[in-house]
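As structure tokens, the structure follows; a few thoughts come after it.
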């Protein structure tokens, strides 16, 4: 994650986005790896889990509580339960770019969830469209073709004749 993406994430966390708060906590733990940063990261994840009811944060916290020395990066080892996935999906579909990028990254990696690269590409491209710098970095890193995703979306819109909202004229 570049400094520009980190700054955007910090601003979203300051604006009380629960998924951004959780992601910032994870980044502080995984990226900086000092005792102070880990303590601050845990506080952020706890805040998101307890005060914002972010179920993904609860999964991360549960993993960290089970071991004295959690393996890093924590997102690669903390299993994400079905309720957390459902919550991420709900917020992602409502347009929360942080839920989109988190779920897209989890689905692309497939380490703590079932891997689904097509859905990951869709979510990451939507997050890029919403202005997420980290999603832009991930799309480039994972070599996701935005044009391939757009072609899939256009095909879906054309074949969805029951919905005027997506119908192309």
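In the numbering used here, the protein residues as written are 7 to 175.
The beta-carbon is built from N, C-alpha and C at its ideal position, and this holds for glycine as well.
Exposed unless 16 or more other CB atoms sit within 10 angstroms - verdict on residue i
i, result
"residue 133", "buried"
"residue 149", "exposed"
"residue 118", "buried"
"residue 114", "buried"
"residue 23", "buried"
"residue 38", "exposed"
"residue 141", "buried"
"residue 25", "buried"
"residue 71", "exposed"
Nearest residue (CA-CA) to residue i, options the options
i, options, result
"residue 44", "28, 118, 92, 57", "28"
"residue 126", "25, 81, 111, 49", "111"
"residue 81", "64, 137, 150, 74", "64"
"residue 84", "97, 96, 75, 67", "67"
"residue 79", "123, 22, 8, 36", "36"
"residue 33", "15, 23, 21", "15"
"residue 96", "61, 151, 13", "61"
"residue 75", "99, 108, 41", "41"
Contact belief for residue i with residue j at Cβ below 8 angstroms, rounded distance in angstroms
i, j, result
"residue 11", "residue 139", "4 angstroms"
"residue 177", "residue 143", "Residue 177 lies beyond the stretch modelled for the chain, which goes from 7 to 175, so this question has no answer here."
### Query
Is the region 94-104 in contact with the region 133-144, if contact means three or more CB pairs nearer than 8 angstroms?
yes
### Query
Contact between the region 85-98 and the region 40-58: three or more CB pairs below 8 angstroms?
no
### Task
Counting only runs of 4+ residues fully inside the region 28-110, write out the alpha helix (DSSP H) ranges in chain order.
41-57, 61-72, 88-99
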